[in-house]
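As structure tokens, the structure follows; a few thoughts come after it.
Numbering (this note's numbering), first residue to last: 11 to 234.
Structural data, given as structure tokens:
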């Protein structure tokens with residue numbers, strides 16, 4: 011067990027903290043939602059009713075889609091775009107998809123390389139872009155869920171205010187949908203830009219997200 015925890019510590023840490031944050035969001039969201047119900051002179055809901063409601067689902071999904079958009083874009087653009095001095099960037103001469111030899115695929119695969127890295131044709135093509143494909147798929151699915159749960163939550167609010175509900179198509183062009191979407195996108199993109207640029211000049215000793223403390227500011231693609 012100790013070896014398992016050591017070998018998977020990073021994944022375990024973020025999985026546990028994710029679950030704790032999700033539970034905390036559910037508890038705080040339930041309290042806030044019931045405060046709104048009291049203010050509107052409506053019946054409060056149970057915790058179970060809240061966590062299965064569109065209001066909770068839209069709050070969760072809108073954050074998930076922005077996170078996966080961040081990683082989808084980052085995985086994709088760092089193939090070609092570089093940042094001199096950043097450990098988040100490849101070395102300046104490696105822009106592009108690189109050669110089979112550099113990527114250890116096909117005839118250059120090693121004994122311990124994944125099976126599809128040794129294969130050719132469609133299997134190698136898919137596996138070569140599998141991370142980007144999965145990140146993009148999760149982003150699109152979570153964005154779809156956000157739009158579906160968002161229209162349900164938005165229409166519930168409109169009905170409480172005695173307003174006519176919107177169709178899903180109308181909601182996709184509504185300010186509420188794009189406000190929820192863009193407020194998350196801009197924060198994620200700012201965070202990525204900050205990490206790429208600040209890591210040129212700032213250091214964290216021992217972190218693979220940072221260059222070694224003594225590395226020159228111009229050293230690119232070097233991890234500590």
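Backbone N, C-alpha and C fix where the C-beta goes; we use that ideal spot for every residue, glycine too.
Using the three-state DSSP reduction, which class does residue 183 fall into: helix, strand or coil?
Of the three classes helix, strand and coil, the one that applies to residue 183 here is coil, per DSSP.
Hey, is the stretch 141-156 in contact with the stretch 60-73, meaning 3+ C-beta pairs nearer than 8 Å?
Note that the stretch 141-156 touches the stretch 60-73; at least 3 beta-carbon pairs, one per stretch, sit closer than 8 Å.
Cutting at 6 Å between CB atoms, please list the residues of its own chain near residue 196, excluding the five before and the five after it.
Nothing listed; no residue qualifies.
With a threshold of 16 other CB atoms inside 10 Å of the CB of residue 218, please say whether the residue is buried or exposed.
It is exposed - the Cβ of residue 218 has fewer than 16 other Cβ atoms within 10 Å.
Assuming residue 72 and residue 194 make a contact with CB atoms under 8 Å, what is their CB distance in whole Å?
The pair is a contact, with the Cβ atoms about 6 Å apart (cut-off 8 Å).
Thinking C-alpha only, which one of 172, 170, 163, 103 is nearest residue 181?
Ranked by how close their Cα comes to the Cα of residue 181, the residues 172, 170, 163, 103 have 163 in first place.
Residue 177 classed as buried or exposed, judged by whether at least 16 other C-beta atoms fall within 10 angstroms
Exposed, by the Cβ-count rule.
In terms of residues, what are the limits of the alpha helix (DSSP H) holding residue 132?
131-138 is the extent of the alpha helix (DSSP H) around residue 132.
Touching by the beta-carbon criterion (3+ pairs, under 8 Å), the stretch 91-100 and the stretch 227-234:
Using a Cβ-Cβ distance cut-off of 8 Å, the stretch 91-100 and the stretch 227-234 are in contact, since at least three pairs of beta carbons, one from each stretch, lie closer than that value.
From residue 42 to residue 151, what distance separates their C-alpha atoms?
About 27 Å.
In angstroms, rounded to a whole number, what distance separates the CA positions of residue 185 and residue 159?
In this structure, the alpha-carbon of residue 185 lies about 15 Å from that of residue 159.
Length-filtered (4 minimum) alpha helix (DSSP H) runs lying within the stretch 78-138
Listed in chain order, the complete alpha helix (DSSP H) runs (minimum 4 residues) inside the stretch 78-138 are 110-113, 125-128, 131-138.
Excluding the five sequence neighbours on either side, which residues of its own chain have a C-beta within less than 7 Å of the C-beta of residue 100, listed in chain order?
Counting only Cβ-Cβ distances below 7 Å, and skipping sequence neighbours, we find 88, 92, 231.
State yes or no: is the C-beta of residue 85 within less than 8 Å of the C-beta of residue 11?
Here residue 85 is not near residue 11, since their CB atoms are 8 Å or more apart.
Would the beta-carbon of residue 80 fall within 8 Å of that of residue 233?
No. Outside cutoff.
If you follow the alpha helix (DSSP H) that residue 12 is in, where does it begin and where does it stop?
Run containing residue 12: 12-17, per the alpha helix (DSSP H) assignment.
Under a Cβ-count criterion, where at least 16 other Cβ atoms within 10 Å of its own Cβ denotes burial, should residue 135 be classed as buried or exposed?
Burial call: exposed.
Nearest-angstrom Cα separation, counted from residue 140 out to residue 132:
Looking at the two C-alpha atoms, the distance is approximately 12 Å.
Exposed unless 16 or more other CB atoms sit within 10 angstroms - verdict on residue 75
Residue 75 should be labelled buried.
Any idea what DSSP makes of residue 223, helix, strand or coil?
Of the three classes helix, strand and coil, the one that applies to residue 223 here is coil, per DSSP.
Does the Cβ of residue 56 have 16 or more other Cβ atoms within 10 Å, making it buried, or fewer, making it exposed?
Classification for residue 56: exposed.
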